[in-house]
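J.: Sending over a structure as structure tokens; questions will come in a sec.
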Amino acid sequence: MAPGLSHIDLRRQRDSYLLCTGSRLVVSILTPLDSSTARVGDRVSAMLLTPVAAGKNGSNLLAPGTILSGWVSDVFHVRRALSSQLSPSRWSNSNAALNIHFDRIQSHHGPGLAISANPAKETAVFGTGSEFEFAVNKRGEITLDFSRGKYTATSVAVGAVSLATGPLSLVVGPALSGTAGAMDPAYALDRPVSQNESHRRFRGFCQGMVKGLPGGSLLLGTKHRGLGVELPAGAQLCVELDNDLVIPNKPWSR
């Protein structure tokens, strides 16, 4: 189970309980999701992992195994690095992303309750089976946990140093950029790089050198593409209620 993510704000009412807006529940995805094939409107289901109990020693109002259902609400496909730098939408992010919305929580006792819940912003996604880390970003999108910001800073630093060398800039710039690419291939390739990827440091050095040339970033931007999102059944994430959920004291009626 994804540790430390659940947050339950449950309040007793006269004949029901109120699970308040902002409460977070950890769920396990039941429907595999792939950004390359997903479409807005595709149905999605998930299983509750964290119980919601009536008091510290009370019975479960929402038991582990309860099913949440919803749909894919947004899909952003992989694109070339250059396209991402020229687009105001998700600027400088070429990786795929998707969002899901849950609108119903099912019980063994009946047809269920209407809810409104989305992936909790700025939380991790666990159990993807990938060596890359996935997370929910500040826009609520499930995507690779990868920021180009620090690499942009590296590019600026390389450019500043090479300019300071005057006539030698055409040599110094590629050399510095190539070294940065060899040390961290993600800088040169504009994406996370697998530890098992063949010749990753050599490729990082070569493409880093190209990146250090005038216009090199634009040239590589036409070639480099981001990575997709694949969530297998069993992947775990945190969802957050954006509306209060009223849970009856009695079993939900059929």
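In this note's numbering, each residue carries its 1-based index in the sequence shown increased by 784. All C-beta atoms in this analysis are idealised placements derived from N, C-alpha and C, irrespective of residue type, glycine included. Being a predicted model, the structure only gives us computed values, none of them experimental.
Report back the beta-carbon spacing between Leu832 and Pro816 to the nearest angstrom; my notes put them in contact at under 8 Å.
T.: Their Cβ separation, rounded to whole angstroms, is 18 Å, which puts Leu832 and Pro816 out of contact at 8 Å.
J.: From His861, Asp793, Gly806, Arg987, pick the residue whose C-alpha is nearest to that of Val824; which is it?
T.: His861
J.: Kindly identify the DSSP beta-bridge partner or partners of Ile792.
T.: Answer is none; Ile792 lacks a bridge partner.
J.: The beta strand (DSSP E) spanning Gln797 covers which residue range?
T.: Under the DSSP assignment, Gln797 falls outside any beta strand (DSSP E); it carries neither an H nor an E label.
J.: Is there at least one non-hydrogen atom of the ligand SAH closer than 7 Å to the beta-carbon of Asp1028?
T.: Although the ligand SAH was asked about, the structure shown includes no ligands whatsoever.
J.: Smallest Cα separation from Ala837: which of Leu803, Asp858, Arg987?
T.: Leu803
J.: Ordered along the chain, which non-local residues of its own chain (more than five positions away) have a Cβ less than 7 Å from that of Ser800?
T.: Val1030, Ile1031, Pro1032, Asn1033
J.: Can you tell me whether DSSP reads Val824 as helix, strand or coil?
T.: coil
J.: For the beta strand (DSSP E) holding Gly849, just list the boundary residues, first then last.
T.: Note, Gly849: premise wrong, no beta strand (DSSP E); not H, not E.
J.: Judging by CA-CA distance, which residue of Pro958, Asp818, Met967 is the nearest neighbour of Met993?
T.: Out of Pro958, Asp818, Met967, Pro958 has the C-alpha closest to the C-alpha of Met993.
J.: Secondary structure at Thr907, three-state DSSP: helix, strand or coil?
T.: strand
J.: Can you list, in chain order, the residues of its chain with a C-beta nearer than 8 Å to that of Thr912? Leave out the 5 residues immediately preceding and following it.
T.: Phe918, Glu1014, Leu1015, Pro1016, Ala1019
J.: Under a Cβ-count criterion, where at least 16 other Cβ atoms within 10 Å of its own Cβ denotes burial, should Lys995 be classed as buried or exposed?
T.: With 16 or more Cβ atoms within 10 Å of its Cβ, Lys995 is classed as buried.
J.: If I follow the unbroken beta strand (DSSP E) through Ser812, where does it start and stop?
T.: It spans 808-813 - the beta strand (DSSP E) in which Ser812 sits, taken as one unbroken run.
J.: Excluding the 5 residues flanking Gly1012 on each side, which residues of the same chain have their C-beta closer than 6 Å to its C-beta?
T.: The answer, listed in chain order, is Ser819, Ser820, Val862, Ala880.
J.: Would you mind sorting Phe989 into buried or exposed? The rule is 16 or more other CB atoms within 10 Å of its CB.
T.: buried
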